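Here is the structure we will look at, set down as structure tokens.
Number of protein chains: 2
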Amino acid sequence: MNQNLFAAIPVDLPDEFTTVLEEGHGIRIERIVSQGHSSPAGFWYDQPEDEWVLVLKGAARLEFKDRMVEMLPVDTMFIPAHQKHRVAWTSQNEPTIWLTVHFQKAGMSPGGKPPAETDLFPK
Amino acid sequence: MNQNLFAAIPVDLPDEFTTVLEEGHGIRIERIVSQGHSSPAGFWYDQPEDEWVLVLKGAARLEFKDRMVEMLPVDTMFIPAHQKHRVAWTSQNEPTIWLTVHFQKAGMSPGGKPPAETDLFPK
Numbered sequence: 004m005n006q007n008l009f010a011a012i013p014v015d016l017p018d019e020f021t022t023v024l025e026e027g028h029g030i031r032i033e034r035i036v037s038q039g040h041s042s043p044a045g046f047w048y049d050q051p052e053d054e055w056v057l058v059l060k061g062a063a064r065l066e067f068k069d070r071m072v073e074m075l076p077v078d079t080m081f082i083p084a085h086q087k088h089r090v091a092w093t094s095q096n097e098p099t100i101w102l103t104v105h106f107q108k109a110g111m112s113p114g115g116k117p118p119a120e121t122d123l124f125p126k
Numbered sequence: 004m005n006q007n008l009f010a011a012i013p014v015d016l017p018d019e020f021t022t023v024l025e026e027g028h029g030i031r032i033e034r035i036v037s038q039g040h041s042s043p044a045g046f047w048y049d050q051p052e053d054e055w056v057l058v059l060k061g062a063a064r065l066e067f068k069d070r071m072v073e074m075l076p077v078d079t080m081f082i083p084a085h086q087k088h089r090v091a092w093t094s095q096n097e098p099t100i101w102l103t104v105h106f107q108k109a110g111m112s113p114g115g116k117p118p119a120e121t122d123l124f125p126k
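Protein chains in written order, with my numbering: chain A, 4 to 126; chain B, 4 to 126.
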């Protein structure tokens with residue numbers, strides 16, 4: 004099926020709007036639409052899977068324990084499993100459209116190549 | 004690491020330019036930059052993995068045995084394993100930037116949810 008990632012977005016967004024685009028063996032691809040949403044104060048994501056994030060449109064700030072990261076269109080970020088993070092801010096003026104891929108970095112890729120080295124448990 | 008997907012693109016593109024962004028257990032995320040490139044005449048991709056494709060910028064036509072599909076910015080497409088396809092055309096005027104995720108749709112996703120039903124072997 005052919006889908007456009009800027010289509011089928013509700014006009015009213017009382018909550019973040021998440022669409023699962025694909026699911027497979029150890030992987031989930033989602034589109035998330037935010038507009039002025041952020042994580043509740045004091046809430047931190049602590050996820051069992053690795054996550055790769057791409058901002059397609061809008062603007063956001065991701066907060067980590069030791070830093071804040073600005074995310075603008077086509078910025079990407081790898082968030083290792085159990086790296087605590089929260090969405091500190093998203094633009095009020097337009098939808099922020101995220102693409103997220105949850106997966107497990109440790110292991111083999113299709114084609115049998117070993118994954119790139121990474122620190123799965125940064126401080 | 005934070006990367007912008009429109010950065011670090013060579014000025015000259017004698018060939019398609021592929022960057023592996025992430026690799027993990029049964030998954031590979033790549034950025035591919037094309038400019039006027041297409042698959043050789045008569046060549047068809049016949050891949051063992053499922054593939055999810057997103058065009059971030061530019062314009063392309065994907066050819067299947069029974070149809071041609073126009074791909075414009077933020078169009079996506081799921082290409083099941085062994086569904087023969089080729090890149091029939093990409094724009095000469097600007098880079099076409101693809102995001103591709105190779106994975107295996109059959110199986111469980113993070114969180115243990117079964118994947119959506121799909122025909123892995125369409126004609």
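Ideal placement from N, C-alpha and C gives every residue a C-beta, glycine not left out. All values reported here derive from a predicted model rather than from experimental measurement.
Looking at the strands, I want to know which residues DSSP matches up with residue i.
{"i": "Val14(B)", "result": "Partner(s): none; Val14(B) has no beta bridge."}
{"i": "Gly27(A)", "result": "Ile30(A)"}
{"i": "Thr6(B)", "result": "Per the sequence presented here, residue 6(B) reads as Gln, with Thr not at that position. Gln6(B) is bridged to Thr79(A)."}
{"i": "Glu54(A)", "result": "Ile82(A) and His105(A)"}
{"i": "Trp92(B)", "result": "Arg64(B)"}
{"i": "Phe20(A)", "result": "Val36(A)"}
{"i": "Glu73(A)", "result": "Arg64(A)"}
Just tell me which of the options has its CA closest to the CA of residue i.
{"i": "Arg70(A)", "options": "His88(A), Val56(A) and Asp53(A)", "result": "His88(A)"}
{"i": "Val77(B)", "options": "Val14(B), Lys68(B) and Ala63(B)", "result": "Ala63(B)"}
{"i": "Leu3(A)", "options": "Ala109(A), Lys108(A) and Asn96(A)", "result": "What is shown of chain A runs 4 to 126, which leaves residue 3(A) out entirely."}
{"i": "His85(B)", "options": "Phe9(B), Gln38(B) and Glu54(B)", "result": "Glu54(B)"}
{"i": "Val56(B)", "options": "Ala11(A), His40(A) and Leu102(A)", "result": "Leu102(A)"}
{"i": "Gln107(A)", "options": "Val72(B), Phe9(B) and Gly29(B)", "result": "Gly29(B)"}
{"i": "Phe9(B)", "options": "Leu65(B), Lys60(B), Ala91(B) and Leu75(B)", "result": "Lys60(B)"}
{"i": "Glu52(A)", "options": "Thr22(B), Gly27(B) and Ala11(B)", "result": "Gly27(B)"}
{"i": "Val58(B)", "options": "Tyr48(B), Gln50(B), Asp49(B) and Glu73(B)", "result": "Glu73(B)"}
Is any beta-carbon of chain A found at less than 8 Å from that of residue i?
{"i": "Glu25(B)", "result": "yes"}
{"i": "Val2(B)", "result": "Within the shown structure, residues of chain B are numbered from 4 to 126, placing residue 2(B) beyond reach of any answer."}
{"i": "Gln107(B)", "result": "yes"}
{"i": "Asp53(B)", "result": "yes"}
{"i": "Gly39(B)", "result": "no"}
{"i": "Phe46(B)", "result": "no"}
{"i": "Met80(B)", "result": "yes"}
Got a sec? Which residues, its chain only, sit under 6 Å from residue i by beta carbon, not counting five neighbours each side?
{"i": "Ile32(B)", "result": "Leu24, Glu25 and Val104"}
{"i": "Asp67(B)", "result": "Asp is not the amino acid found at residue 67(B); the sequence shown has Phe there. Result list for Phe67(B): His88, in chain order."}
{"i": "Ser37(B)", "result": "Glu19, Thr93 and Thr99"}
{"i": "Thr21(B)", "result": "Glu33 and Ile35"}
Could you check whether the Cβ of residue i sits closer than 8 Å to any Cβ belonging to chain B?
{"i": "Gly3(A)", "result": "Nothing about residue 3(A) can be read from this structure; chain A reaches only from 4 to 126."}
{"i": "Val36(A)", "result": "no"}
{"i": "Pro125(A)", "result": "With a pLDDT of 35 at Pro125(A), under the threshold of 50, the predicted position of this residue should be treated as unreliable, though the coordinate-derived value follows. Judged by the 8 Å Cβ criterion, Pro125(A) is not in contact with chain B."}
{"i": "Ile30(A)", "result": "yes"}
{"i": "Val90(A)", "result": "no"}
{"i": "Val14(A)", "result": "no"}
{"i": "Asn7(A)", "result": "yes"}
Excluding the 5 residues flanking residue i on each side, which residues of the same chain have their C-beta closer than 8 Å to its C-beta?
{"i": "Asp122(A)", "result": "At Asp122(A) the pLDDT is 37, less than 50, meaning the model places this residue with poor confidence; the figure from the coordinates comes in the next sentence. Here the set comprises Pro83."}
CB-CB under 7 Å to residue i, same chain, minus the five flanking residues each way: which ones, in chain order?
{"i": "Phe46(A)", "result": "Arg89"}
Do the region 79-86 of chain B and the region 4-17 of chain A touch if we need at least three Cβ pairs shorter than 8 Å?
-> yes
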